[in-house]
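Student: In this note's numbering, the protein residues as written are 152 to 266.
Glycine included, C-beta positions come from ideal geometry on N, C-alpha and C.
In this text, all values refer to a predicted model and were calculated from it rather than measured experimentally.
Structure provided below as structure tokens; questions to follow.
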Amino acid sequence: QVQLVESGGGLVQAGGSLRLSCAASGLAFGVYGMNWYRQAPGKERELVAGISSGSRTNYADSVKGRFTISRDNAKNTVDLQMNSLKPEDTAVYYCNARQRVSTYWGKGTLVTVSS
Numbered sequence: 152q153v154q155l156v157e158s159g160g161g162l163v164q165a166g167g168s169l170r171l172s173c174a175a176s177g178l179a180f181g182v183y184g185m186n187w188y189r190q191a192p193g194k195e196r197e198l199v200a201g202i203s204s205g206s207r208t209n210y211a212d213s214v215k216g217r218f219t220i221s222r223d224n225a226k227n228t229v230d231l232q233m234n235s236l237k238p239e240d241t242a243v244y245y246c247n248a249r250q251r252v253s254t255y256w257g258k259g260t261l262v263t264v265s266s
């Protein structure tokens, strides 16, 4: 059974930092591309950052230069370091694992950025 469990969300002031972590189990982690998505109230879920099995990264324009995604294949974890947070970063953040037609989701962790 595949499980993706996010942690690290919370309340932070604008300009602050948070580090999200996703612990994966039940899958061959190293062959999966790992992604962080977010969904703000009333908005569609959007891709924030991704890291391929070969550690190639990509970011949404809105977070480039502020967020960093990384993975540890020995620990089966993927992290999202979020700096210079803005109120518009407020959302539920979801961990996603994808490999060909297989895709899995975590339950999400709430990030709230106060102004």
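1. Measure how close the beta-carbons of N209 and A174 come, nearest whole angstrom, since I'm counting them as under 8 Å.
2. If you draw a straight line from the C-alpha of R170 to the C-alpha of E195, how long is it?
3. Assign V214 to one of three DSSP states: helix, strand, or coil.
4. What is the DSSP secondary structure of E239, counted as helix, strand or coil?
5. By Cβ distance, which residues of its chain are closer than 6 Å to V243, with the 5 residues on each side in sequence left out?
6. Do you know offhand how far I202's Cα is from W187's?
7. Would you check if the distance between the CB atom of Q154 and the CB atom of S176 is smaller than 8 Å?
8. Using CA coordinates, which residue listed in V199, N224, S206, V252 is at the minimum distance from G216?
9. Between A267 and Y183, how many whole angstroms is the CB-CB distance? I'm expecting something under 8 Å.
Tutor: Answer, in terms of the structure:
1. For this step, residue 209 is matched to residue 58 along the sequence shown. For this step, residue 174 is matched to residue 23 along the sequence shown. Not quite, the Cβ-Cβ distance comes to about 22 Å (not below 8 Å), so this is no contact.
2. For the purposes of this step, residue 170 is taken as residue 19 along the sequence shown, with counting starting at 1. For the purposes of this step, residue 195 is taken as residue 44 along the sequence shown, with counting starting at 1. Taking the straight line joining both Cα atoms gives about 23 Å.
3. In the sequence shown, the residue the question calls residue 214 occupies position 63. It is coil, neither helix nor strand.
4. Taking the sequence shown and counting its residues from 1, one reaches residue 239 at position 88. Helix at E239.
5. Taking the first residue of the sequence shown as 1, we reach residue 243 at position 92. Excluding positions up to five away in sequence, the list reads Q190, G259, L261.
6. Translated into positions along the sequence shown, residue 202 becomes position 51. Translated into positions along the sequence shown, residue 187 becomes position 36. So the two alpha carbons sit approximately 9 Å from each other.
7. For this step, residue 154 is matched to residue 3 along the sequence shown. For this step, residue 176 is matched to residue 25 along the sequence shown. Their beta carbons are under 8 Å apart, which means Q154 touches S176 by this criterion.
8. For the purposes of this step, residue 216 is taken as residue 65 along the sequence shown, with counting starting at 1. Of the listed residues, the one whose Cα sits closest to G216 is V199.
9. Lying outside 152 to 266, the shown extent of the chain, residue 267 is not represented and no answer is given.
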